[in-house]
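Let me begin by presenting the structure, written as C-alpha cells, before commenting on it.
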Amino acid sequence: MGAVLALVGLRAEAQSLIGEVLCGSKAEIHAKLTRQFGAVKTGAGLRGPEAVMEIWTNPKSGDWTLVQTYVEGRSCIVAMGEYWEDLTPIEAPETAG
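Each residue of the sequence shown is one higher than the one before, starting from 838 at the first, in the working numbering.
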C-alpha cells in the first residue's frame with residue numbers, strides 16, 4: 838500500500854467514504870501506475886458517456902487499483918487493494934427446453 842503514500846503528491850479533488858480520491862492527468866496517473874508500481878491495465882468498462890472505469894493490477898504483488906478516467910483527460914484513483922485474483926468466467930449450463 839506504499840502506492841497510496843507515493844501518490845499523495847498528486848492533487849486531491851474529491852472526498853469520499855474511502856478517503857481521499859487522488860486525481861491527475863490520465864498520462865500522469867497511468868505512467869505512475871506502470872513505472873513506479875509495475876501495474877498493467879487488466880480491464881475496463883464504460884461508466885456512462887463521460888467516464889471509463891479501469892482496473893490496474895500488479896501480477897507479481899497482487900495489488901490492484903480502480904481508476905476512473907474522464908473524457909477530458911483527467912483520471913482519479915478511487916480505490917486500491919491487495920490480493921487481486923483473476924477469475925475465468927464460468928459458462929452457464931444449457932437448459933433443456
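Using N, Cα and C, we set each Cβ at its ideal position, and we do this for glycine too.
If residue i sits next to residue j, beta carbons under 8 Å apart, how far is it from one beta carbon to the other, in whole angstroms?
i: residue 905; j: residue 929; result: Contact flag wrong, Cβ pair sits at about 30 Å.
i: residue 789; j: residue 893; result: Outside the displayed range of the chain (838 to 934) lies residue 789, so it cannot be described from this structure.
Using C-beta distances below 6 Å, list every residue in its chain close to residue i, excluding the 5 sequence neighbours before and after it, in chain order.
i: residue 897; result: none
i: residue 918; result: 901
i: residue 871; result: none
i: residue 908; result: 887
Just to confirm before moving on: does the CB-CB distance between residue i and residue j stay below 7 Å?
i: residue 921; j: residue 885; result: no
i: residue 895; j: residue 875; result: yes
i: residue 903; j: residue 916; result: yes
i: residue 881; j: residue 891; result: yes
Near residue i, what residues of its chain come up, given a Cβ to Cβ distance below 8 Å and the 5 sequence neighbours on each side ignored?
i: residue 863; result: 906, 910, 911 and 912
Leaving out five residues before and five after residue i in sequence, what residues of the same chain have Cβ atoms less than 7 Å from its Cβ?
i: residue 883; result: 889
Q.
I'd like the ranges of any alpha helix (DSSP H) spanning at least 4 consecutive residues and lying wholly in the stretch 849-930.
A. 863-868
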